[in-house]
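Numbering (the working numbering), first residue to last: 34 to 219.
C-beta: ideal position from N, C-alpha, C; glycine also.
The following block contains the structure:
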């Protein structure tokens, strides 16, 4: 439920394998607007067809999350689906908490950079539609975050420290995403 989440906790991000089946309405529009063929090489991954690259299977995090939960230091888990970090992370945050997310803390996969750059999708829409490279967020007790990271990595996940929990300003958003750079995530 996230009831134990408190200021000072760290937000860890697990790398996604791609789009994870989210944002395909917008994606289809971008492909149509650019006049691309799904059987042609992907502009962002020429070793695969566009269709193959876009349909990379969704990563499943159960094994890694169970290993992390066994540490006793996990405060909350948020699956980052349609709505991105901005809409999914608040589901596990108490009313008075906010997550400060550093968008520079992980490498943005090429598919998302391509969508933003060539597809003309603004950063504000990217972070509300796509996972942008983070498929699962794990809120961990700061003093034991390294233990959680080791459990996740030991289960085969790529883990990034992507943010921190802070006290939420009255009436403020529950996710503050930095940088507010219109060129991100290219």
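Close beta carbons around residue i, own chain, < 7 Å, minus the five adjacent residues each side
{"i": "residue 126", "result": "35, 38, 132 and 207"}
{"i": "residue 173", "result": "42, 43, 45, 106, 107, 108 and 181"}
{"i": "residue 143", "result": "77 and 78"}
{"i": "residue 135", "result": "195, 196 and 211"}
Buried versus exposed, by CB contacts within 10 Å (16 or more), residue i
{"i": "residue 123", "result": "buried"}
{"i": "residue 202", "result": "exposed"}
{"i": "residue 153", "result": "exposed"}
{"i": "residue 176", "result": "exposed"}
{"i": "residue 228", "result": "Residue 228 lies beyond the stretch modelled for the chain, which goes from 34 to 219, so this question has no answer here."}
{"i": "residue 68", "result": "exposed"}
{"i": "residue 204", "result": "exposed"}
{"i": "residue 179", "result": "exposed"}
{"i": "residue 198", "result": "buried"}
{"i": "residue 130", "result": "buried"}
From the options, residue whose alpha carbon lies closest to that of residue i
{"i": "residue 161", "options": "114, 175 and 200", "result": "114"}
{"i": "residue 157", "options": "210, 65 and 55", "result": "210"}
{"i": "residue 65", "options": "148, 112, 185 and 139", "result": "148"}
{"i": "residue 184", "options": "101, 79 and 212", "result": "101"}
{"i": "residue 78", "options": "135, 91, 111 and 145", "result": "145"}
{"i": "residue 76", "options": "171, 196, 197 and 151", "result": "151"}
{"i": "residue 171", "options": "92, 91 and 110", "result": "110"}
{"i": "residue 40", "options": "128, 135, 137 and 163", "result": "128"}
{"i": "residue 195", "options": "169, 163, 112 and 138", "result": "138"}
{"i": "residue 90", "options": "199, 168, 198 and 197", "result": "168"}
{"i": "residue 47", "options": "103, 112, 80 and 163", "result": "112"}
Proximal residues to residue i (C-beta, below 6 Å), its chain only, five neighbours per side dropped
{"i": "residue 82", "result": "72"}
{"i": "residue 55", "result": "114 and 115"}
C-beta neighbour in chain D for residue i, strict 9 Å
{"i": "residue 165", "result": "In the displayed structure, chain D is absent; only one protein chain is listed."}
Same chain, Cβ closer than 8 Å to residue i, neighbours up to 5 away in sequence not counted
{"i": "residue 186", "result": "192"}
{"i": "residue 70", "result": "83"}
{"i": "residue 303", "result": "Absent from the structure is residue 303, since the part of the chain shown begins at 34 and ends at 219."}
For this session: Please determine if the stretch 49 to 57 and the stretch 78 to 89 are in contact, where contact requires at least 3 C-beta pairs separated by less than 8 Å.
Result: yes
Problem set entry | Entirely enclosed beta strand (DSSP E) segments - the stretch 118 to 150, minimum 3 residues | 130 to 135
Problem set entry | Cβ pair count under 8 Å reaching 3, the stretch 106 to 123 against the stretch 58 to 77 | no
Exercise. Are there three or more Cβ pairs, one per stretch, closer than 8 Å when the stretch 97 to 105 is compared with the stretch 178 to 194?
Worked result: yes
Exercise. Residue ranges of each alpha helix (DSSP H) run of no fewer than 4 residues wholly in the stretch 64 to 116, ordered along the chain?
Worked result: 83 to 87 and 95 to 102
Problem set entry | 3-residue-minimum beta strand (DSSP E) runs that sit fully inside the stretch 177 to 210, ordered along the chain | 192 to 200
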